[in-house]
Amino acid sequence: MYPFRKTWSSIRQANLFPTMLLCALLAGLVLIGAIWTITWITDRLVSLEKGWLDTLLNWVVALISGVAGWFVLPALTVLISSLFQESVIERVERVEYPKAVRNEGLGFWPELWHDLKFTAEAIGWNLLILPSYFLGIGFLVSILLNGYLLGREFFESAAGYHLGKAEARILGKQHRKAIYIGGLTITVLSLIPVINLFVPIVAIVWMVHLYHAIQSSGKAR
8 MYPFRKTWSS
18 IRQANLFPTM
28 LLCALLAGLV
38 LIGAIWTITW
48 ITDRLVSLEK
58 GWLDTLLNWV
68 VALISGVAGW
78 FVLPALTVLI
88 SSLFQESVIE
98 RVERVEYPKA
108 VRNEGLGFWP
118 ELWHDLKFTA
128 EAIGWNLLIL
138 PSYFLGIGFL
148 VSILLNGYLL
158 GREFFESAAG
168 YHLGKAEARI
178 LGKQHRKAIY
188 IGGLTITVLS
198 LIPVINLFVP
208 IVAIVWMVHL
218 YHAIQSSGKA
228 R
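Numbering of the sequence shown is given in this note's numbering, commencing with residue 8 and proceeding in unit increments.
In structure tokens:
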């Protein structure tokens, strides 16, 4: 139920390293783009008389944006992964679970719309817990919250690939512990610099294995 080794093994066997590099590049560009946009807007809205103060303000805003982006990145993980999700699931299953491979895809746009809604929801929840940082427990609350959100969403994506979202949600409620531990693992990895750029792919592979492990255990009964 906790496929640490299988996840790494599948990444190698399915040759997902090029996809992971592309994912890392995209995640990096998203983060840099967000920082640049916020800094640019601040520069246009706030203009101090002294040039050095204006420059200092821009650097401070960029720094704060970078730190904020680091904490919000877990929420963006699902959105980034949506671009690779179907391809990664198919490649892993062809190697590990050939009998389970689907003949047709899910459709890119419906999945992207679903992931956009989830990202908005996740960012909303992360904004709601901002006051907890002033109490010194924000970091822990963030990990616990995003562990739940990411575990639920990535599992429903992997299981929904075969069952549909509604059935995947029902199955997920029956295996909350395993899914939550997977979500916590994904969240912690997404907070480690550099490694977090590859997490969207790792998360998909992890939940593919978890879904098939649950299905196998159910059939064994």
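Just so it is clear, CB atoms sit at the ideal spot from N, CA and C, and this is done for glycine as well. Computed from a predicted model, the values in this text were never measured in an experiment.
Nearest residue (CA-CA) to residue i, options the options
{"i": "Tyr-187", "options": "Arg-159, Leu-29, Tyr-140, Leu-23", "result": "Arg-159"}
{"i": "Glu-163", "options": "Leu-23, Pro-81, Ala-210", "result": "Ala-210"}
{"i": "Leu-245", "options": "Ile-87, Gln-222, Pro-25, His-219", "result": "A question about residue 245 goes unanswered here, because the residues of the chain that appear run from 8 up to 228."}
{"i": "Ala-129", "options": "Phe-141, Tyr-9, Ile-150, Glu-111", "result": "Ile-150"}
{"i": "Arg-101", "options": "Ile-18, Gln-181, Lys-172, Ala-127", "result": "Ile-18"}
{"i": "Thr-194", "options": "Gln-20, Thr-14, Pro-81, Pro-25", "result": "Pro-81"}
{"i": "Gly-190", "options": "Ala-173, Leu-178, Trp-213, Trp-120", "result": "Trp-213"}
{"i": "Asn-22", "options": "Gly-167, Lys-13, Leu-36, Val-99", "result": "Val-99"}
Backbone CA spacing between residue i and residue j [nearest angstrom]
{"i": "Trp-132", "j": "Thr-84", "result": "15 angstroms"}
{"i": "Pro-200", "j": "Gly-145", "result": "19 angstroms"}
{"i": "Arg-228", "j": "Leu-135", "result": "Residue placement at Arg-228 cannot be trusted, given a pLDDT of 46 that sits under 50; the coordinates are not used to answer."}
{"i": "Thr-44", "j": "Leu-38", "result": "10 angstroms"}
{"i": "His-216", "j": "Tyr-140", "result": "35 angstroms"}
{"i": "Tyr-104", "j": "Leu-152", "result": "31 angstroms"}
{"i": "His-219", "j": "Leu-147", "result": "30 angstroms"}
{"i": "Glu-97", "j": "Leu-156", "result": "24 angstroms"}
{"i": "Lys-180", "j": "Pro-25", "result": "34 angstroms"}
{"i": "Asn-110", "j": "Gly-171", "result": "15 angstroms"}
{"i": "Glu-93", "j": "Gly-143", "result": "39 angstroms"}
{"i": "Ser-16", "j": "Ala-127", "result": "33 angstroms"}
Would you say the region 200-211 touches the region 23-35, given that touching needs at least three Cβ pairs under 8 angstroms? yes
Entirely within the region 143-197 and at least 4 residues each: give me those alpha helix (DSSP H) ranges in chain order. 145-170, 172-180, 183-197
Can you list the beta strand (DSSP E) stretches of 3 or more residues lying completely in the region 16-47, in chain order? none
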